[in-house]
Structure formats: C-alpha cells, structure tokens
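Engineer: Under our numbering, residues 111 to 519 are what the sequence shown spells out, in order. C-beta atoms are modelled at their ideal positions from N, C-alpha and C, and glycine is treated no differently. Since the structure is predicted, the reported quantities are computational estimates derived from the model, not experimental observations.
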Amino acid sequence: MNRDSSIIPKIIVILGFLTVIGIILLFFRPRPETRRQSQRPITSEKLFAQVIQAAQPQIQKLWEEGDRFIGNHGLKCDSDILFKQNVGRSYYQCQPHFWQCYWSGGVKKDPALKIEMFGQTFHIRAKASFQPIEAYSPAPRYYEILRGPYQGLNFHYGALIELSMDEVPDMTWPVVLTDTCRDVYLPERIYGYGKNDSKKNKDFIWDNFDRKIFIDKFYVSNQQANEWRILTGLPNKIVTDKSKWALPSLLNSQDQKKYCSFWGKRVLEAKLFDAATMTPSDLKNPLADRVQRPQTPWQRDIGKSFLGMARINSDYQLTPLDCQLAQVKGCQEKYFSTDSVTWMGINYALGFYPEALINFIEPNKNLKLSSKFHPPEAGVHELGIRGKWDGKLDPSLPVAFRCYEEVSL
Numbered sequence: 111m112n113r114d115s116s117i118i119p120k121i122i123v124i125l126g127f128l129t130v131i132g133i134i135l136l137f138f139r140p141r142p143e144t145r146r147q148s149q150r151p152i153t154s155e156k157l158f159a160q161v162i163q164a165a166q167p168q169i170q171k172l173w174e175e176g177d178r179f180i181g182n183h184g185l186k187c188d189s190d191i192l193f194k195q196n197v198g199r200s201y202y203q204c205q206p207h208f209w210q211c212y213w214s215g216g217v218k219k220d221p222a223l224k225i226e227m228f229g230q231t232f233h234i235r236a237k238a239s240f241q242p243i244e245a246y247s248p249a250p251r252y253y254e255i256l257r258g259p260y261q262g263l264n265f266h267y268g269a270l271i272e273l274s275m276d277e278v279p280d281m282t283w284p285v286v287l288t289d290t291c292r293d294v295y296l297p298e299r300i301y302g303y304g305k306n307d308s309k310k311n312k313d314f315i316w317d318n319f320d321r322k323i324f325i326d327k328f329y330v331s332n333q334q335a336n337e338w339r340i341l342t343g344l345p346n347k348i349v350t351d352k353s354k355w356a357l358p359s360l361l362n363s364q365d366q367k368k369y370c371s372f373w374g375k376r377v378l379e380a381k382l383f384d385a386a387t388m389t390p391s392d393l394k395n396p397l398a399d400r401v402q403r404p405q406t407p408w409q410r411d412i413g414k415s416f417l418g419m420a421r422i423n424s425d426y427q428l429t430p431l432d433c434q435l436a437q438v439k440g441c442q443e444k445y446f447s448t449d450s451v452t453w454m455g456i457n458y459a460l461g462f463y464p465e466a467l468i469n470f471i472e473p474n475k476n477l478k479l480s481s482k483f484h485p486p487e488a489g490v491h492e493l494g495i496r497g498k499w500d501g502k503l504d505p506s507l508p509v510a511f512r513c514y515e516e517v518s519l
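1. Could you tell me the distance, in whole angstroms, from the CA atom of PHE511 to the CA atom of PHE324?
2. Under the three-state reduction of DSSP, which class applies to TRP213: helix, strand or coil?
3. I'd like the span of the beta strand (DSSP E) that includes LEU273, first residue to last.
4. Assuming TYR301 contacts TRP316 (C-beta within less than 8 Å), just tell me the rounded distance between them.
5. LEU287 to VAL451, Cα distance in whole Å?
6. Using the C-alpha atoms, what's the distance from MET388 back to ILE456?
7. Would you mind sorting PHE383 into buried or exposed? The rule is 16 or more other CB atoms within 10 Å of its CB.
8. Cβ of PHE328 within 8 Å of Cβ of PHE446?
9. Whole angstroms are fine: how far does the CA of THR350 sit from the CA of ASP411?
10. Kindly provide the ranges of any beta strand (DSSP E) runs that are 3 or more residues long and lie completely inside the stretch 414 to 443, ordered along the chain.
11. Beta carbon of TRP499, beta carbon of ALA459: below 8 Å?
12. When the Cα atoms are used, what is the spatial distance from TYR248 to PHE228?
13. Are PHE314 and ILE495 close, meaning C-beta to C-beta below 8 Å?
14. Under a three-way DSSP split, which group does LEU477 fall into?
15. With DSSP run on the structure shown, which of helix, strand or coil describes TRP173?
16. Can you tell me whether ASP220 is helix, strand or coil according to DSSP?
17. Would you say ARG496 lies against chain E (beta-carbon separation less than 8 Å)?
18. Taking the DSSP output, what are the residues bridged to LEU263?
19. Enumerate in chain order the residues of its own chain whose CB-to-CB distance from PRO140 is below 7 Å, with the five nearest sequence positions on each side excluded.
20. Note down the Cα distance separating ALA236 from LEU273, rounded to an integer number of angstroms.
21. May I ask you to report which of helix, strand or coil DSSP gives PRO345?
22. Is the stretch 364 to 383 in contact with the stretch 192 to 201, if contact means three or more CB pairs nearer than 8 Å?
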C-alpha cells in the first residue's frame, strides 16, 4: 500500500454512474474547493455528477465522524449495532455498522444528505444494493466490505457503497470508503526499547528514519474480527452477541497473525509499543543524544501518578480520572475510550487488557502485563514491564492485540 508523503491516509473513491463506461478516481482528502457551474447542466447525467461531487464532504464527514451524528437518545438499530454508555463514541468512526444504521433510519427519520445547487435542494442517499449478511440480519446492506486491491485501487480495507439522488432516480454512483480512522502515524526519530538498565549498561536504542509506520489506535475488536471471518469464509465463527462487538477480539497468537496479515499488517512489536507509549523528553528533536524511559505515558516518575500513590497508600481510592488514564482493577469497564491516548495517538498504554506483542529482541517478553486484572498498586503497571504468553487462549487470561503497518512511498 502506498501513502503520499503528507502521511495523511486518503479515502479512495470510485466515481461512476450507469451511463458512463470506466472508472474515475477522486480523492476526498485533501478536499479541493467544489467548482460549481453557474448554469444548471443540460443533461441529467452531468447534473447527477456535479451534485454527487458537491456531496463529497458530507459523505466523508458521515463516514469518518459518525459519532457526531448521534444524539443523546443514541441509536435505534438493535438489529445491527447497540448504543452503550460504556463504549466510547470513537467506535462509530469509519464504522460500517453505523453506516448501515444511519441509512436504515436509526439515527434520524430522513437520512438524506441535502445539497443546495442551482437554486434547488437535492437529496443524496445510500442505496441498500448489497446482499444481506445473515449472521447480522436479513436486511439488505448499504455497504459491502472489501479487501483490496479492488478495480486497480491499492488499499487493504474498504467499504463499497452506492449513492443515488432522489431527483435523478435512475442513476447510481459507486464509492469505496477506506478506514482512515483505525491507525496513527509513528513519527520518525530515535527511540528506546524496554527499561534502561544502567547497572548492566544495557540501553537498546533504534530509529525509524525513512520508515512510514502506522499503528492501530485501539485493540482489534470483535466486530473487526467478524469481518475477517466473513471474508475468509468462516461466518459460523463470528461473535453473534452485538453487545460484545466493541470488546477486544480474543484470538490465539496464530490467529492474531493471520488476522493482521489478511489486512496487509503485522501484530504490534514490543519496541514499537514502547516507542508509541514512552513520551520523548524533547518532542522537537528527533536526534536526541539521550533516550529516556518514562515509567508512565503521563509522568516520567510513576511516584507522581495515581499508580505510584496507590503503592504507598493502601487506602487509595480510585477516581474516574484515574480510570480514564489506566483501567485497572476497581475501574468500570469502558471500550474505545480516547482518554488514555499516548503522545503519538494510541490508546491503552497501561491497564485495560493484557496485550500480545511480537518481541524479536527478547522473545520471552511478549505480553504487556499491566491490565484491569491487577489493582492500582501492582508493580506491573509500568512501561517496559512485560511477561511471557504461550499464545494459547485461556479464559483466565484474555489477551488483546493490535496491528501495525509499514508502508512504502
């Protein structure tokens, strides 16, 4: 997969309609100013094309920022997606189930996107053009999940949709929306691995200069694993309980690798996890002479954090703010929370779930130990501390994972 030098993932859109042969490519980002003709096009084909093009920003916003369309009442799409208070709203960004819910009328009565042009209001809609996914519901789908490349387009994950316009009902316009919400770029600089052991004179440092690395913001969810299983012909193995779709997918180590590989990615490496969670002392200098190892993503000294305070005060009472930073034992569960974000944009550095990591430096240290199963005073709640996982599923040790991708320019 190629990404341009701006390091901003783009939504790839396939534009076309039934009376036109061929495919025209248009990138939604960066967004060029829409050029609108002062005179109304003579043919319905040209009118349809111009109105659809003018609707691009609204289509992109609905896909990437679905969370902003949800009111306090939540969603009314129990057959496809559940609205739960312990699931952060980032879950609805680049979310095909939200897309299905919106166009099914589960967010607002009339979901049409309105475009004002040529002194008239036009109504853009997605069409339920795709076959039902019986494991979800018998209703036709407003999208179809794609694994790239597709029609000559180079991408890993996409949702194929079809747009129509009430005022020109006999035409459709296919679009591929890619997931621009899933991962975040790791800046190029010098990084450290693990804890710096000054007594043994061990200080492993490395750099990612001239490497474009993108790391998943969150754990792979059951909903994402369901898509993988459907596309690989295993719909009988999907998680059918919609209340669990936002929860981390619990796979053995081999299936974790297969999942990431299917989308052109790899299971996150331990040194990348450290780079993404250990905040550099000087963010402006990528060539720092010394690479420090902070003990938490928020304070260099753990003693100044709630975790350190809990170690010296046996009566320490957790606060909601503490649990937002690191979900430890005693915290209320919340998923897709962005309150725990690290310096470069990933979540769940400490607490939450144990996380599987690939470790080529110390293969036996392949598990982030800090998790919601340990009280705040536990010594495992510290960056660079890892344990060993045998890669097998164990109900007493649910292990989450995430992927990363390195792209070429």
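Structural biologist: In terms of the structure at hand:
1. 15 Å
2. helix
3. 267 to 275
4. 6 Å
5. 25 Å
6. 11 Å
7. buried
8. yes
9. 44 Å
10. none
11. no
12. The sequence given here has Pro at residue 248, not Tyr. The straight-line gap from Cα to Cα measures roughly 40 Å.
13. no
14. strand
15. helix
16. coil
17. Checking the listed chains, one finds no chain E in this structure; it contains a single protein chain.
18. TYR260
19. Below a pLDDT of 50, predicted positions are generally treated as unreliable, and PRO140, at 45, falls in that range; no measurement from the model is reported.
20. 4 Å
21. helix
22. no
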